[in-house]
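Encoded as C-alpha cells, the structure appears first; notes follow it.
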C-alpha cells in the first residue's frame, strides 16, 4: 500500500496543475507580509482604538500571529479551489490518459488503487496547508516578529506568545481536516469523469451554493444550514475562542467525517463499477 501511495504522490508531483497552489501562496504571502509591514501601523491603530482605555499598549500589537489570523480569514474562501486543482485530477487524469486499462487489469485490487489515490490526495492537501502555515507563520515571524495575539470576537481575547503557538497549531490542524473534506468531495467527482476540470467545477459549485444559502437570511435556508457541510468549514476559528469550545469542535468534525464517509462511499461504488473497455 505504501508503494502505491508513493506512486500516486509521484503522479501528483508530475502534474503542473498541482503546483499552482504552492506558486500562488509563495507569491502572494511575501506580498501580503510586505503590505502588512508597511500598513501594519494602521491595523495597530485600529486595534488600539478597539482596546480603548481599558488596556495600556506597549509596543506594536501587529505581528506574525495577527497577520496569520487575518490571512486565514481572507484566504479561507479561496483555499478549496487550490485544493481542488490537484484532487480533480486524482482519478480523472488516468481516464483521460487511457492508463486505466493497464492499471486496473493488474493483480492489485481496485479498492487499494482507489484508497492509494485518496491518501495521496489527502497528503497533498495537508502539505499545501502546512506550506501556507510556513509562509505565514514561519516567514512572518522573521519579517514581522512575534508576540501576543489579540483577537476580537464578541469580546477581547489576548493570548500570550506560547499560547498563541498552540492555538495556531490547533487551527491549522483543523484547517487540514476541513480541506481534506473538500479534497474528498472533488475526488468523488473525479471518479465519475475523465476530465479534471469537471470535478473542480462541481466541487467549487457545491461549496459556493452552500455559502450562498448561509448568506441569505430566509427561514427555509436557515433551517437547512445544519445539514450543509459548508456550515462547519469555520471550525478552525474555534481555536481562537476562550475557553476552546471542544464540544462544538467535536460536533463539527463528526458531521464533516460523516460527509467524508459518504463521499468515499460514492467514490468506491463508482470506481468498482468503472468500465475500462471504452
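In the numbering used here, the protein residues as written are 187 to 464.
A virtual CB, placed ideally from N, CA and C, is assigned to each residue, including glycine.
Here the structure is a predicted model, which is why all the values come from computation and not from measurement.
Residue i, buried or exposed, once every other Cβ within 10 Å from all chains shown has been counted against 16
i, result
"residue 194", "buried"
"residue 446", "buried"
"residue 199", "exposed"
"residue 258", "buried"
"residue 274", "buried"
"residue 211", "buried"
"residue 266", "buried"
"residue 219", "buried"
"residue 330", "buried"
"residue 217", "exposed"
Pick from the options that is closest to residue i, judged by C-alpha positions
i, options, result
"residue 389", "271, 332 and 217", "271"
"residue 448", "420, 424, 371 and 406", "371"
"residue 336", "351, 329 and 324", "351"
"residue 321", "443, 203, 215 and 382", "215"
"residue 333", "326, 189, 347 and 415", "347"
"residue 438", "459, 426 and 414", "414"
"residue 192", "342, 221, 259 and 309", "309"
"residue 278", "376, 327 and 367", "376"
"residue 324", "398, 311, 253 and 296", "253"
"residue 367", "296, 209, 419 and 263", "419"
"residue 196", "302, 427, 265 and 268", "302"
Alpha-carbon spacing of residue i relative to residue j, whole angstroms
i, j, result
"residue 318", "residue 411", "29 Å"
"residue 384", "residue 250", "38 Å"
"residue 201", "residue 406", "43 Å"
"residue 362", "residue 441", "15 Å"
"residue 394", "residue 276", "22 Å"
"residue 188", "residue 316", "22 Å"
"residue 222", "residue 328", "13 Å"
"residue 429", "residue 300", "40 Å"
"residue 459", "residue 306", "22 Å"
"residue 353", "residue 203", "32 Å"
"residue 296", "residue 391", "29 Å"
"residue 338", "residue 349", "16 Å"
"residue 403", "residue 209", "37 Å"
"residue 357", "residue 382", "30 Å"
"residue 205", "residue 426", "30 Å"
7 Å Cβ cutoff met for residue i and residue j
i, j, result
"residue 482", "residue 431", "The structure shown does not extend to residue 482, since the chain is modelled only from 187 through 464, so no value can be given for it."
"residue 453", "residue 374", "yes"
"residue 421", "residue 360", "yes"
"residue 311", "residue 355", "no"
heavy atom of the ligand NAP below 6 Å from residue i C-beta
i, result
"residue 370", "With respect to the ligand NAP, the structure offers nothing, as it holds no ligand at all."
Contacts around residue i, its chain only, beta-carbon distance under 6 Å, and the 5 residues preceding and following it disregarded
i, result
"residue 314", "207"
"residue 378", "456"
"residue 386", "270 and 274"
Cutoff 8 Å; reference residue i; Cβ partners in own chain excluding five residues on either side
i, result
"residue 261", "318"
"residue 244", "Here residue 244 scores only 48 on pLDDT, less than 50, and its place in the model should not be relied on; the value that follows carries that caveat. Around residue 244: no qualifying Cβ."
"residue 242", "With a pLDDT of 49 at residue 242, under the threshold of 50, the predicted position of this residue should be treated as unreliable, and no value is reported."
"residue 400", "407, 411, 414, 416 and 417"
"residue 304", "276, 370, 373, 450 and 453"
Own chain residues within Cβ distance below 7 Å of residue i, not counting five before or after
i, result
"residue 436", "none"
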